[in-house]
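Novice: Take the sequence shown: its letter number 37 is residue 854 in my numbering, and every next letter is one higher. Take a look at this one; I'll ask things after.
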Amino acid sequence: VTYASSSDKISINGNMVTPVKPGRVSITASQAGNDTYAAALPVTRSFCIKPEMPGVFLTDINSASPLLTSSASEGNQWFLDGVAIDGATGTAIRASGPGIYTVQVTIDDCVGDLSSGQAIIVTGTENNVSHARIEVYPIPVSDWLTVRFDDLPGKKEAAIFNLNGALKASQEVEGRETK
């Protein structure tokens, strides 16, 4: 029996097949005839070489929109909180808001595993009061977390999110401090 493939995703040496890169592959097995036996009909089988799970690297973390980069050079689809982001298929994406970002690689019709999640947490003040100071203590917290707003006018909201971006608690504050 001999094996053949026109795919560049594998290499064949005798009866040993070595995966080279992910994607759909077809291999044809053939058996020539001889004086005693007729040739067998060729048999072709197709299978997927699954893309490996990509890593996600975070840069520009102190900017308004951090940059997330996939370790995969092709086939990326980015997700925010488990929902595919329309048109986000490049190697990198700017975070558009808080949540858990993941990426999944698809080559041909072969789908890899989702990457580990990268949590993006947005902190700061909405009204950009440059002289205001916000204190949060004690760190680490055990029973009570105190949030102290320096001279921020009007109503404020203190909110706590878990690492998955889900709201755990929030409180509207009119004064300078909340627990």
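Each residue gets a CB set at the ideal place from its N, CA and C atoms; glycine is no exception. All values derive from a computational prediction rather than experimental measurement.
Is the separation between the beta-carbon of Ser822 and that of Ser843 shorter than 8 Å?
Specialist: The answer is yes: Cβ separation under 8 Å.
Novice: Quick check: the segment 912-930 against the segment 853-871, are at least 3 beta-carbon pairs closer than 8 Å?
Specialist: Touching, yes.
Novice: Given Val922, which residues of its chain have a CB within under 7 Å of its CB, disregarding the five upstream and five downstream residues?
Specialist: Only Pro868, Pro871, Ala889, Gly892, Asn893, Gly929 meet the Cβ criterion.
Novice: With DSSP as the reference, label Tyr854 as helix, strand or coil.
Specialist: Coil.
Novice: Give the DSSP-derived three-state secondary structure of Gly916 in the structure shown.
Specialist: Note: Gly916 maps to strand in three-state DSSP.
Novice: For the beta strand (DSSP E) that Lys973 lies in, which residues bound it at each end?
Specialist: Counting along the chain, the beta strand (DSSP E) containing Lys973 begins and ends at 973-978.
Novice: Taking the CB atoms as reference points, tell me whether Tyr918 and Leu885 lie closer together than 8 Å.
Specialist: Cβ distance < 8 Å, so Tyr918 and Leu885 count as in contact.
Novice: DSSP state of Leu931, grouped into three classes?
Specialist: Correct three-state label for Leu931: coil.
Novice: Where Asp903 and Gly831 are concerned, what is the direct C-alpha to C-alpha distance, given to the nearest angstrom?
Specialist: Cα to Cα, Asp903 sits roughly 45 Å from Gly831.
Novice: Considering only their Cβ atoms, is the gap separating Pro859 from Ser847 smaller than 8 Å?
Specialist: Yes, the Cβ-Cβ distance between Ser847 and Pro859 is below 8 Å.
Novice: Using DSSP bridges, identify the partner residues of Ala909.
Specialist: According to DSSP, which records beta bridges pairwise, Ala909 is partnered with Thr886.
Novice: Since Ile827 sits in a beta bridge, which residues does DSSP pair it with?
Specialist: The partner list for Ile827 (beta bridge, DSSP) reads Pro836.
Novice: Could you check the C-alpha separation between Ser824 and Val818 for me, to the nearest Å?
Specialist: Approximately 19 Å, taken between the alpha carbons.
Novice: Within the same chain, show all residues whose beta-carbon is closer than 7 Å to that of Ile937, passing over the 5 residues directly before and after it, in chain order.
Specialist: So the list reads Pro883, Ala912, Pro915, Gly916, Tyr918, once near-sequence residues are dropped.
Novice: On the DSSP bridge assignment, give the partners of Ser822 in chain order.
Specialist: Ser822 is not bridged to any residue.
Novice: So, under 8 Å CB-CB, Ser887 and Thr908 are touching, yes? Tell me the CB distance rounded to an integer number of Å.
Specialist: Right, their Cβ atoms sit about 5 Å apart.
Novice: Go ahead and label Ser932 buried or exposed: buried means 16 or more other beta carbons lie within 10 angstroms of its beta carbon, across all protein chains shown.
Specialist: By the 10 Å Cβ count, Ser932 comes out buried.
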